[in-house]
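Written out below as structure tokens is the structure these notes cover.
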Amino acid sequence: MDTLSTSINVISTIIETTGTAVFTINNLWMMIAAGLVFIMHLGFASLEAGLTQSKNTVNILFKNSVIPVIGLLTYAIVGFNLMYPGENFAGGIFGFSGFGLWTDGTGLTKAYNPGYTYWTDFLFQGMFAATAATIVSGAVAERVKLSSFLVFSTLFVAIGYPVVGMWKWGGGFLNEWGFYDFAGSTIVHSVGGWGALAGVILLGARKGKYVDGKVHPIPGHSMPLATIGVFLLWLGWFGFNGGSVLSADPAAVSLVLVTTSLAASAGAIGAMVTSWGYLKKPDISMVLNGILAGLVGITAGADQMQPLSACIIGFIAGIIVVFSVLLFDKIKLDDPVGALSVHLVCGIWGTFAVGIFGNLAGWHQTLIQLSGIAIIGSFTFTFAFGIWLGLKKTTGIRVSQEEEKEGLDIGEHGMSAYPDFERISQY
Amino acid sequence: MDTLSTSINVISTIIETTGTAVFTINNLWMMIAAGLVFIMHLGFASLEAGLTQSKNTVNILFKNSVIPVIGLLTYAIVGFNLMYPGENFAGGIFGFSGFGLWTDGTGLTKAYNPGYTYWTDFLFQGMFAATAATIVSGAVAERVKLSSFLVFSTLFVAIGYPVVGMWKWGGGFLNEWGFYDFAGSTIVHSVGGWGALAGVILLGARKGKYVDGKVHPIPGHSMPLATIGVFLLWLGWFGFNGGSVLSADPAAVSLVLVTTSLAASAGAIGAMVTSWGYLKKPDISMVLNGILAGLVGITAGADQMQPLSACIIGFIAGIIVVFSVLLFDKIKLDDPVGALSVHLVCGIWGTFAVGIFGNLAGWHQTLIQLSGIAIIGSFTFTFAFGIWLGLKKTTGIRVSQEEEKEGLDIGEHGMSAYPDFERISQY
Amino acid sequence: MDTLSTSINVISTIIETTGTAVFTINNLWMMIAAGLVFIMHLGFASLEAGLTQSKNTVNILFKNSVIPVIGLLTYAIVGFNLMYPGENFAGGIFGFSGFGLWTDGTGLTKAYNPGYTYWTDFLFQGMFAATAATIVSGAVAERVKLSSFLVFSTLFVAIGYPVVGMWKWGGGFLNEWGFYDFAGSTIVHSVGGWGALAGVILLGARKGKYVDGKVHPIPGHSMPLATIGVFLLWLGWFGFNGGSVLSADPAAVSLVLVTTSLAASAGAIGAMVTSWGYLKKPDISMVLNGILAGLVGITAGADQMQPLSACIIGFIAGIIVVFSVLLFDKIKLDDPVGALSVHLVCGIWGTFAVGIFGNLAGWHQTLIQLSGIAIIGSFTFTFAFGIWLGLKKTTGIRVSQEEEKEGLDIGEHGMSAYPDFERISQY
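Chains as they are written, first to last, in the working numbering: chain A, 238 to 664; chain B, 238 to 664; chain C, 238 to 664.
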């Protein structure tokens, strides 16, 4: 019957169109999320440059401009296929599905999964990958040798991060165990933090930071730059956490954005209250790091928390970050921007908090969370320590004392970040 | 019949899917709009820091970093439920539906309204809320006591703004009267402006600004920072006005973005022509304020105007802002960044313009617009004046003369925004 | 029959809803893309200010704030209707459909085409239009007279760009010939570059740049600003290239974003390796320009390339840009920010590359590409040269030697970008 066949045709078209519509929205959100994660690299560049001295600014900017570049290229060559190897990998520990990206055209025309195309997946995950290396950049700033840092970053982001990431997000053994890390408090932030810790230990402190048992703070050269950095990071986190839903699902994404923003806010208050009360001055760098602490803290469980829990997690992260900064100085681990406190310590806190707060809370989950933290920490620290040590033994990882004094901008790059302005020689 | 029941099932699925698709798009746009409004806070921070002296930069950045934080948290605790109390409130003047956000899980799974989820609504409105307080920050800069400002901001954004907002957007009495303020020329911008005016009056001018009957301009310390601020504010206005459509409706949102951008452009031209002709120099701070003037001016009627009307409204706003800045200096109300001229004066102009231009133009509407402006102005000014006065009588609202001279960065925060650079002592 | 008529109603509603959903998504993406292209103007402002001297910063910021404003307004008045004149135009060379934007309300309510409304189309294309003029701004910086530059920009963006744009995107003769320029390597970037070249030739070099046959580099005053600029430009390119798909088509847009980002990355590596190897120092301005070179290079064929081709095109662009900068200095064409190398040279390279790589590769296409490059180049250069020459003969296009020495900020604007800081007098 004509009517019947017409109906069927109409309905088929409708089904196709509605499916297309839903897929297109999901994919659109994931592309926007990739753009937001991209802008986090500008956030890190600004924050790290702002919290360090003006004689090392070109060097910071150079590193942080090149890291996303290296991240995307190595992710295209090996990282993506190491992290998401598909079905075949040995015991959930390692897998690899070959070099490069699909070039047979399949990726161009068909849906990759219900949320996004193959290309969107690569772009989002690739932007993510580079953030782990960016975290290291700040902690080793003002003394690391440029060429060695670039070698470290390349290996770290090409191999270290994707292998660990596979354990959870690529369907590896930690995923089987039930380890939960929604958007990467551990897999991205503490991974970056462990890489930073290894570097900081092997590099040693900046000259003049710890003298005669006293800590001599070396203030950052531009608070506006640092503030711009933190705001861009918060904005970028909309994509970092919101995109980790892997679709535009209204309830899930909007809850995640609320828990993320409330945790950031509570982190700022936690750090403000602590620094004002304990250090007697409302220190802006503490408030900025408090925002980041809250963001890192909520990242592991952003989709599992009620607003109040998000506030508590963020507030505690804001307190932790202040004392952690003081503690690292006490044990003479010199981290110019507080990256260890923000990303490593609060990354661990956030992952642990999934066992205490929210839908997954419970002793069993807490133990799994701790196992995941420990296993990923051990592997990443060892891996990073190995690379840094190899570089130290061969090309060296630290600039000369003269170069450090004069600044890495002149030493490594032969130029100044602010040639027009009279500088105060401080150190 | 099998075929029939199958058909019904297929059709039900389709209806559900299409409904989901439309809802998901709307919600996606509203979440993005929330992100855009968020970035306005960075815009305000950059603009206000750029237009003030470098000795007060940390203080500005501190205030403007903490304001969105306070805004979101207080909005979660009381503001949201004051502003949108639901059906039950007394005579359209006041209502409250209880403390905190829904935590029974309802918000997680079901559509809140056709445009967005409960969480998206909170996030968008919460980001909005804090902008009113940010406006105050610039006007009272370079002399206000940090702790008092934080107390003021908290009360202003937790109670003042939501109560006024309810009168229109929460379905209160001004809404019943037919008062029109699409995205908040009055409800956000002039509300912020009235709060600023009260503070400026009670604080008094900065030392050295008005001496022997003459105005001594105190130039801002970084035009790049100010420019970055204005561009980010314009971008953020895509979300501020575009999101106020409360859905992704293609015709409505795209018209709003066009009227918004044309008004901004015409505002820049109006301010450029006026300042070039009247002050003999093309002053960049005037052009930047002209862009903002156009944006504030179009905000009340962005969805009701044709492109030409938007240009006229913006152009007039650009002229107004130049003369307004001169006028406030004449009457010795010291506003370092021009916030009174941009947000209060052009906010009033924009609200009034809805009665003159566009779909709603007419005498009746003009009278209602004027009533709304007057009622909201009276309440907000009184409310803000009361808080400022209370603070002045108790903790004080102004820093000491020594601290003002030395700068609030050292005085309030014990640090400098640019420790590496030689500063010229100007004032 | 009731059931039948009900069915028909239900199905009609569904069809309408699904159509609306798809249209709404497409339109949403195009509006977001317009916002991203808008932020490129902040990117250009930051980059150009960063790469020039601090005594000319207000002037750069002024120009780059006013350009998008002039761009949008002239595009509303004539540009849009010159570029997309509809069916009736003479031989594909010129057409005009009247002054102003639709104000009959049609644009408000109905779909303009499957991808977006009339208003969205105007906004996206209008934001695009102004970028061509922004490119000129950097090349003529530090010596061009403000008023003359504003006149040039107005004519260039109101008439020059839309006429050329029509030849391809408005359905003109180059489109008929099969010329391919996806998002404007030629139509936007080299058009801007040709306008810049004409200005640079007629203006002459900055005092002190070429003395006694030697090149004296004049370093930019703020590398953070330059870096912020490049990151914002990369982000903006998500909209520039991604929006040029003219819908949110998942496969097409996501491929474009991947090729765009990989080309940017490869461009950075190309420029880094070349400058490190050839100039012996890893120069950050070269890496930043390498990113832009890759972006400009991929723009003509971003939707036609596989990832590997995108990397090759970008890598070559990164090499080209370094040698091109050196070459322009050799022939004493003084371009403070490298705009000629990035936009003109790499714009040509990218357009040419469409004939060599990707889906369209072939001799025939290569010839067409070269024809398009030549025709557009000849027209644009002549048009721009004519305006610059006319201005030179009448009002003059260059500031006085004293003003150039003192800086255009004081000379043209009577103010300083950084009044608080001690400056080093360099030139």
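For every residue, glycine included, the Cβ atom is placed at its ideal position computed from N, Cα and C.
Think of a sphere of 7 Å around the beta carbon of Y655 of chain A: the chain C residues whose beta carbon falls inside it are H458, S459, in chain order. Per the coordinates, the alpha-carbon of I613 of chain C lies some 9 Å from the alpha-carbon of W404 of chain C. Taking the CA atoms as reference points, S512 of chain C sits about 47 Å from L607 of chain A. Note that the segment 290-298 of chain C touches the segment 373-385 of chain C; at least 3 beta-carbon pairs, one per stretch, sit closer than 8 Å. Burial check for V559 of chain C: the Cβ neighbour count within 10 Å reaches 16 or more, so the residue is buried. E649 of chain A and G441 of chain B have their alpha carbons spaced roughly 50 Å apart.
Only buried fits N263 of chain A, as 16 or more other CB atoms lie within 10 angstroms of its CB. CA-to-CA, the gap between G421 of chain B and S283 of chain A works out to about 32 Å.
When C-alpha distances from G323 of chain A are compared across A:Y312, A:G335, A:I314, A:A313, the shortest belongs to A:G335. Across the structure, T255 of chain B and I245 of chain B are spaced so that their CA atoms are roughly 15 Å apart. For N318 of chain A, the closest Cβ of chain C is not nearer than 8 Å. Closer than 8 Å to the CB of P544 of chain A there is at least one CB belonging to chain B.
Where Q543 of chain B is concerned, there is no enclosing alpha helix (DSSP H), because DSSP gives it neither an H nor an E. Remark: C-beta atoms of F594 of chain A and G538 of chain A approach each other more closely than 8 Å. If you draw a 10 Å sphere on the C-beta of N350 of chain A, you find fewer than 16 other C-beta atoms in it, and that means exposed. Sequence-distant partners of I528 of chain A (beyond 5 residues in either direction) whose C-beta falls short of 7 Å from its own C-beta, in its chain, are V467, W471, A501, G504, A505. Between the segment 450-467 of chain B and the segment 633-653 of chain B, the count of Cβ pairs shorter than 8 Å is below three; the stretches do not touch. DSSP places N301 of chain A within a helical segment (H, G or I) once states are collapsed to three. Straight-line measurement puts the Cα of V510 of chain C at about 27 Å from the Cα of Y447 of chain C. For the segment 515-537 of chain A, residues whose beta-carbon sits nearer than 7 Å to a beta-carbon of chain B comprise K518, P519, D520, I521, V524, L525. Excluding residues up to 5 positions away in sequence, L439 lie with their Cβ nearer than 6 Å to the Cβ of K629 of chain A in the same chain. Between the beta-carbon of A271 of chain C and that of G476 of chain C there is about 7 Å, and that keeps the pair under the 8 Å contact cut. Contact between the segment 483-490 of chain B and the segment 349-363 of chain C is established, with three or more Cβ pairs separated by less than 8 Å. Boundaries for Y353 of chain B: no alpha helix (DSSP H) harbours it, and the DSSP string shows neither H nor E there.
Counting only unbroken stretches of 4 or more residues, the alpha helix (DSSP H) elements lying wholly within the segment 606-662 of chain B are 638-643, 645-650, in sequence order. L494 of chain B sits close to M268 of chain C, with the two beta carbons spaced by under 8 Å. Interface criterion met: the Cβ of L279 of chain C is under 8 Å from a Cβ in chain B. K451 of chain C is bridged by DSSP to C:V448.
Interface annotation, V574 of chain B: not in contact with chain A, CB-CB separation never under 8 Å.
Comparing C-alpha distances from A433 of chain A to each of A:G473, A:T368, A:S242 shows the shortest one belongs to A:T368.
Between F622 of chain B and A435 of chain B, the gap from beta carbon to beta carbon is short of 8 Å. For F393 of chain B, there is no enclosing alpha helix (DSSP H), as DSSP marks it with neither H nor E. C-alpha of R380 of chain B to C-alpha of V579 of chain B: approximately 20 Å in a straight line. E649, H650, G651, M652: these are the residues of the segment 627-652 of chain C whose beta carbon lies less than 8 Å from some beta carbon of chain B, given in chain order. Contact annotation, V636 of chain A with K382 of chain A: C-beta distance approximately 5 Å; criterion of less than 8 Å satisfied. Beta-carbon to beta-carbon, E641 of chain C and K444 of chain C are separated by about 6 Å, close enough to satisfy the 8 Å threshold.
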